[in-house]
Amino acid sequence: MESYAAAYWRAAKCLIEKKCFDDRDRPAFTTFPIIFVYRQALELILKAILIEHHPMFSKKPELLLNSIDRGHKLPKKYLVDLRSVVDNAGVFDSGDPVVTITSQQWSHLENVLNEWQQNDPDGMAFRYSIDRKAKRPMTTQNSTFNMESFSKAMEEALEILAGLKRELDEIRYKDALQSEGS
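So for the sequence shown, my numbering puts the first residue at 60; every next one is plus one.
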């Protein structure tokens, strides 16, 4: 799942760098694929962390992947689950946490997930032209949209999560080496 997240993230970066979108202030159809790809990267990296490092989801990933109440949603519960993963990583002898994530970073992740829950709760608005009830999604609303701000916020969220995943993977690797040596 991590490699898929990285691929979607690279694709989103490439689309931004190449300016493959209409630069107007309201969402244009050319922005939809970029928005979708960023969202997909976010969903996949979150799920990769939870499946690989959460005690329950690592044993039963289907609880995360097949759950009716989760699907393509990005519920606030993900941050609760993520916090438990970080807390379970433990602390060093010095008392410092093994995995570092600042309150600013948590706040940023909360803001990003809240925005997605508010504007695209089912992960469908930028995926299809109509929702499951055959109604038009929020993408047809005449709202303002700044691609630069959006991509900056998504890049920051993805960097935070990728860094967290690297730290967690390193801990797991060191633990595996240590248990092999015992």
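All C-beta atoms in this analysis are idealised placements derived from N, C-alpha and C, irrespective of residue type, glycine included.
| query | result |
| --- | --- |
| Check the C-beta distance from valine 144 over to isoleucine 104 and give it rounded, since I have them as a contact under 8 Å. | In fact, because the Cβ distance is near 13 Å, the residues do not count as touching under 8 Å. |
| Skipping 5 residues on each side, what residues in its chain have a beta carbon closer than 7 Å to that of tyrosine 63? | Leu103 |
| Tell me, please, whether the segment 113 to 127 touches the segment 94 to 102 by the rule of three or more beta-carbon pairs shorter than 8 Å. | no |
| Rounded to whole angstroms, what's the CA-CA distance from asparagine 125 to proline 114? Just pull it up for me. | 17 Å |
| When the Cα atoms are used, what is the spatial distance from aspartate 146 to aspartate 228? | 15 Å |
| What's the gap between the Cα of glutamate 169 and the Cα of alanine 235? | 32 Å |
| Suppose the cutoff is 6 Å on Cβ atoms and the five residues either side in sequence are ignored; what does the same chain contact list for methionine 213 look like? | Tyr97 |
| In angstroms with no decimal places, state the Cα-to-Cα distance between leucine 223 and threonine 161. | 11 Å |
| Considering only C-alpha positions, which residue in the set Leu133, Ser210, Arg186 is nearest to lysine 72? | Ser210 |
| Taking lysine 78 as the reference, give the member of Val158, Arg186, Asp181, Glu207 with the closest Cα. | Glu207 |
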